[in-house]
Amino acid sequence: MLIRDAFLQGECKKLNSLEELHSFVLMCLYISYSYMGNEISYPLKPFITENADRSLFWSKCVKLIKIHSNQMLKINSSSTLFLQVFTELKSYCIPRQLNNNNEWLNDE
């Protein structure tokens, strides 16, 4: 939802490289986990790229949170909205299957 809405609202026009897109997706994951999880806090390291400036990461997080906080909170309180967002997310998945050795088929 964060990524989709950010693109639809033009917030991602300043992304100039795959690395910036990767950082943006990781930032959206961090925010999503923070809203959805039961943990008090999540470690930042898995969500920040090697070349990322932490203060820039946090300022972008705050900007996204200010824009999308209402919707993120509604996901937790509305099972209908949660199901709608989850169904949309699943529609973007590429189905994968395991072979007899528990290895992914078509893993390229």
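Everything in the sequence shown is counted per UniProt numbering, starting at 1 for the first residue and increasing by one.
Ideal placement from N, C-alpha and C gives every residue a C-beta, glycine not left out.
For clarity, every value in this text was computed on a predicted model and none was experimentally measured.
Taking the alpha helix (DSSP H) that S23 belongs to, which residues open and close that run? L18 to M36
So that I know if they touch, is there some Cβ in chain B lying closer than 8 Å to that of N51? Given the protein chain composition of this structure (a single chain), no chain B is represented.
Looking only at its chain, what residues have a beta carbon closer than 6 Å to the beta carbon of K49, apart from the 5 residues adjacent to it on each side? In the sequence as displayed, the identity of residue 49 is Thr instead of Lys. Here the set comprises S23.
Give the straight-line distance between the Cα atoms of L2 and S32, rounded to the nearest whole angstrom. 8 Å
Own chain, CB closer than 8 Å to L29, minus 5 neighbours either side, in chain order: F47
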